[in-house]
Amino acid sequence: MGYYILKRLLAMIPTLIGVAVLIFILLRVVPGDVVEARYLTQGSQFQSQDLMDIERKKLGLDQPLWKQFTTWMTGLARLDFGLSMWTGAPITEEIKLRFALSLQLAIMASLLAQLLAIPLGILAAVKQDTWVDYAVRVFSIAGLATPSFWLGIVMILTMLIVFKWVPPMVFTPLWVNPWENLAQLIWPALAVGYRYSAVGTRMMRSAMLEVLREDYIRTARAKGLWLKLILVRHALKNAILPVLTVMSLEFAFLLGGLVVTEQVFNLNGLGMLFVEAISRRDYTLTQALVMLVATFFLIVNFVVDIAYAWLDPRIRYR
Amino acid sequence: MKRLAGLLALAAGALLTLSAQAQTPRSGGELVFPVPSEPPSYDGHREETFGLIHPIAPFYNTLLRVDPNDPGGTKPYPSIAESWTVSQDGKTYTFKLRRGVKFHDGSDLTSKDVKASYDKIIFPPPGVGSTRKGQYAVVEKIEAPDPATVVFRLKQSSGSFLVGLASPWNFIYKADILAKDPHWYEKNIMGSGPFTFVEHVKGSHVVGKKNPNYWDKGKPYLDGFRAIFMRESAAQVAAVRGERAHIQFRGFTPKDRDNLKAALGDKITVQESPWDCILMVGINHEKKPFDDKRVRRALSLALDRHGASTALSQIAIVKAVAGVQVPGTPFATPPEELNKLAGYWTDAEKSRAEAKRLLREAGVPDGFQFTFTNRGIPMPYEPLGVWMIDQWRRIGLNVQQQVIEPAAYFGVIRKGDSQVHMDFQCGYIVEPDLDMYKFLSSDRNPANYGRYKDPVLDALYDKQSGETNVEKRKQLIRQFEKRLLDEEAHYLMTLQWHRIIPHSAKVKGWTITPSHYLNNTLDTVWLAE
Chain P
528 MGYYILKRLL AMIPTLIGVA VLIFILLRVV PGDVVEARYL TQGSQFQSQD
578 LMDIERKKLG LDQPLWKQFT TWMTGLARLD FGLSMWTGAP ITEEIKLRFA
628 LSLQLAIMAS LLAQLLAIPL GILAAVKQDT WVDYAVRVFS IAGLATPSFW
678 LGIVMILTML IVFKWVPPMV FTPLWVNPWE NLAQLIWPAL AVGYRYSAVG
728 TRMMRSAMLE VLREDYIRTA RAKGLWLKLI LVRHALKNAI LPVLTVMSLE
778 FAFLLGGLVV TEQVFNLNGL GMLFVEAISR RDYTLTQALV MLVATFFLIV
828 NFVVDIAYAW LDPRIRYR
Chain B
2 MKRLAGLLAL AAGALLTLSA QAQTPRSGGE LVFPVPSEPP SYDGHREETF
52 GLIHPIAPFY NTLLRVDPND PGGTKPYPSI AESWTVSQDG KTYTFKLRRG
102 VKFHDGSDLT SKDVKASYDK IIFPPPGVGS TRKGQYAVVE KIEAPDPATV
152 VFRLKQSSGS FLVGLASPWN FIYKADILAK DPHWYEKNIM GSGPFTFVEH
202 VKGSHVVGKK NPNYWDKGKP YLDGFRAIFM RESAAQVAAV RGERAHIQFR
252 GFTPKDRDNL KAALGDKITV QESPWDCILM VGINHEKKPF DDKRVRRALS
302 LALDRHGAST ALSQIAIVKA VAGVQVPGTP FATPPEELNK LAGYWTDAEK
352 SRAEAKRLLR EAGVPDGFQF TFTNRGIPMP YEPLGVWMID QWRRIGLNVQ
402 QQVIEPAAYF GVIRKGDSQV HMDFQCGYIV EPDLDMYKFL SSDRNPANYG
452 RYKDPVLDAL YDKQSGETNV EKRKQLIRQF EKRLLDEEAH YLMTLQWHRI
502 IPHSAKVKGW TITPSHYLNN TLDTVWLAE
């Protein structure tokens, strides 16, 4: 197992290098750069090529591409992501500011999703082809069909029109004021969590149905064990594996992928930062964010694989 | 009639303002406002975005400002300078500075600081960027003969110099700091303005609190302000509607205004003004057949601007039919004169007939296809683009629209790859020198993407720029406008943007102007109970 873990960790390195090369090339292929985005987009009558040249030199954009790449990769190896081309602030500072909010939102949405998905999925499987099953399936299909940002807009409008209230507009950390924090984040967490619970519910239901048809479950029932005991001690452990995979990967996505939801709720998160970095052609920040998300995906994948081995003793890694 | 309407609109704005001013300002409260964009740095001399002005201008003073009670937004008004004189030849401007103005660190603001700030803007040291250096090319040197006097010596007289000094971007910085590090103000804030800096949480908000030692005694009225960065307009509207924010200083759409009025009734006040922003059609003179002025005139004649003004003003942030100046402002051409220019006739059918005739004469076949390049921003690029394509199709042109993402847009246009494209400009003060500079020959102004050279136009610009007699200057501007829009049709104006600011009725003491860069120091703003 130790050897397997080491092998997996080492395998991450070429993957990350590949991602780094790809994102570097893709960003340079797209037209425009940060200097144009800053000085040509505001409708100013006065354009100064001198000023733009000064800025490009300051940012190293006048250097050959191979040199820019080498500088970046050298920094990356030292875990130095450099400075944002747009603000000049250290990238770690830019990300740190938004990370807490995105992480909290991802955790809240995932928890809500699992709290909904697992019991509902089990219920639907146990009560297959009854009205309970149909109700759960309708609920989950509605979640799949409903974009979370649309649900968010409806939530805000409902609160505004019916209760004449909108959530707080500025992020307050949980440890500073839990009430303000939850008042802001519960709504996007619900909107996103509902959407992801739909995927988990359907996965849980079909996995559970498969497991419930197994011989050992029939044997357990024949022995007269309580249904609850059968479900929790025998069925769930086997049915949870695919659900775990899906929901873990979705958690990784939640960290930087909630762009539109963050816009709707005006959340200062990593998703918004991502979009702004790309639209401003902030190469260094975009590259850093892509590497962060890629690393996160790899780690989550890895943890899920290890969790598999823990959950299912039949699985042994070499 | 339209000039009268423009003047009446400005007068109505003034009356609204005066009636508000008649109430006694109340001290206290925190003004909360969303800002759709965040500044990349704090240096007003370097940046171009209103995202800097809205949250950061309250921390600074400028040498002059625009009269905060003037809805036209064109009158220079004392700020750090309490008075000024101009020499007989119009080449020397002497400013007397107020005594007792202090920076937020307690040090005195003197002429040395004004000189250092303007040296940074006009004669930046190597490696220091100054975006609007070109605006002050007429300045020869700046002197500070004593702590309370600043002298600007010009190479020639200028009709716009005084207004140029009221630029909201020209923050007065501390000379000692600039001497040590001319980049210091990019990452730090320390001014003499009505508010002192409290915090900036990136991506979230900027907070300022009342400067208790402000030189204008009794002001500011507010205890502080909170500028919250909100990119999404729906979130901004929700914030105002939910009464979590008081005002948004850039502008909302007509629909947002109507929704807010319907929801909040008399809790909302709406101020409106023509806006010193305009979209215009840039025509690449290096691409055939657009090198032929008959074709360019035809494109302009095809556009029924008067009809569009009525229709589009209901769905987009555009309204008035305009020439090179914001309608209703001192140098704007009266409508009865403007309507004589090609493309401004009130008879749309006659105009289209003339357009078709010109195309035939120029040898452009019916169904001629060209690409119109537009910027990928919904408002108001999309509705104006759709309108123009429809209008051009009515004179037998087959137009394809190519939409380009904003960050890449001007890079593409600058390369000269487009045939006909959407261009735009936003001025920070309504002033012909600023608003007409764009149309100078491309070897004088690289922001002219039409890629033409017109020495006659350049000469007219230079002449009006140096003219200090207002009436003579107006005539020169008319000649410039006629050549630009009619005779040569180098650029085609669409419709003037229309600024709509619905805000909480509690907000008093703020007057809308045609520029969203003005009146943002918040020293005159107060909150009613």
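Protein chains in written order, with the numbering used here: chain P, 528 to 845; chain B, 2 to 530. Idealized CB from N, CA, C, for every residue including glycine.
Of the candidates LEU477/B, LEU359/B, GLN89/B, LEU300/B, the residue whose Cα lies closest to the Cα of VAL457/B is LEU477/B. Three or more beta-carbon pairs drawn from the stretch 280-295 of chain B and the stretch 407-424 of chain B are found closer than 8 Å, and the two stretches are therefore classed as touching.
Within the DSSP secondary-structure output, GLY225/B pairs in a beta bridge with GLU31/B, LYS210/B.
Membership of VAL546/P in the alpha helix (DSSP H) is indicated by the continuous run 529-556. Here DSSP, grouped into helix, strand and coil, assigns LEU797/P to helix. Chain B places no beta carbon closer than 9 Å to that of GLU707/P, leaving this residue out of the contacts. Straight-line spacing of the CA atoms in THR522/B and LYS218/B works out to 15 Å. In this structure, the alpha-carbon of ALA264/B lies about 20 Å from that of VAL33/B. For secondary structure counted as the alpha helix (DSSP H) over 4 or more consecutive residues, the stretch 156-221 of chain B holds these complete runs in sequence order: 162-166, 176-181, 185-188. Contact annotation, PHE230/B with GLY194/B: C-beta distance approximately 20 Å; criterion of less than 8 Å not satisfied.
Within 7 Å of the CB of PRO41/B, the CB atoms of chain P belong to ARG565, TRP613, THR614, in sequence order along the chain. LEU800/P reaches chain B at GLY204, counting residues in chain order whose Cβ is nearer than 8 Å.
Collapsing the DSSP output to three states places ASP444/B in coil. Interface residue (Cβ-Cβ distance to chain P less than 9 Å): GLN249/B is not classified as such. Contact annotation: ALA149/B and THR197/B have beta-carbon atoms that are not nearer than 9 Å.
For ALA317/B, not one C-beta of chain P is nearer than 9 Å to its own C-beta. Residues of the stretch 384-413 of chain B with a C-beta atom less than 9 Å from some C-beta of chain P are ILE405, GLU406, PRO407, ALA408, ALA409, TYR410, PHE411, GLY412, VAL413, listed in chain order.
In the pairwise beta carbon analysis, the stretch 397-405 of chain B is classified as touching the stretch 372-381 of chain B: at least three pairs are separated by under 8 Å. Beta-bridge partners of GLN272/B (DSSP): ILE502/B.
DSSP, read as helix, strand or coil, puts TRP706/P in helix. Annotation for ILE143/B: the continuous beta strand (DSSP E) segment containing it runs 140-147.
For the stretch 436-450 of chain B, the set of positions with a beta-carbon nearer than 7 Å to some beta-carbon of chain P reads TYR438, LYS439, PRO447, ALA448 in chain order. Within chain P, SER575, LEU578 have C-beta atoms less than 8 Å from the C-beta of SER131/B, given in sequence order. Leaving aside the five residues that flank PRO617/P on each side, the residues in its chain whose CB is nearer than 7 Å to its CB run, in chain order, LEU610.
Here ASP90/B carries a coil assignment [DSSP, helix/strand/coil].
The DSSP-derived three-state label of THR334/B is coil. The Cβ-Cβ distance between ASP444/B and SER466/B does not fall below 9 Å.
Cβ-Cβ separation between ILE318/B and HIS499/B: approximately 6 Å, consistent with a contact (criterion under 8 Å). With contacts defined by Cβ atoms closer than 9 Å, GLY648/P and MET730/P form a contacting pair.
Not a single C-beta of chain B is nearer than 9 Å to the C-beta of THR673/P. Among the residues facing chain P, GLU49/B is included, as its CB has a counterpart in that chain under 9 Å away.
For THR811/P, no chain B residue has a C-beta closer than 7 Å to its own C-beta; the minimum C-beta separation is roughly 14 Å.
ILE767/P is positioned such that its CB atom lies no closer than 9 Å to that of ILE757/P. In the displayed model, LYS320/B falls within a strand according to three-state DSSP. Ranking GLY209/B, ALA299/B, GLU383/B, ASP114/B by CA distance to the CA of ASP177/B puts ASP114/B first. Apart from the 5 residues on each side of it in sequence, HIS307/B sits with its Cβ closer than 7 Å to the Cβ of VAL322, THR347 in its chain, given in chain order.
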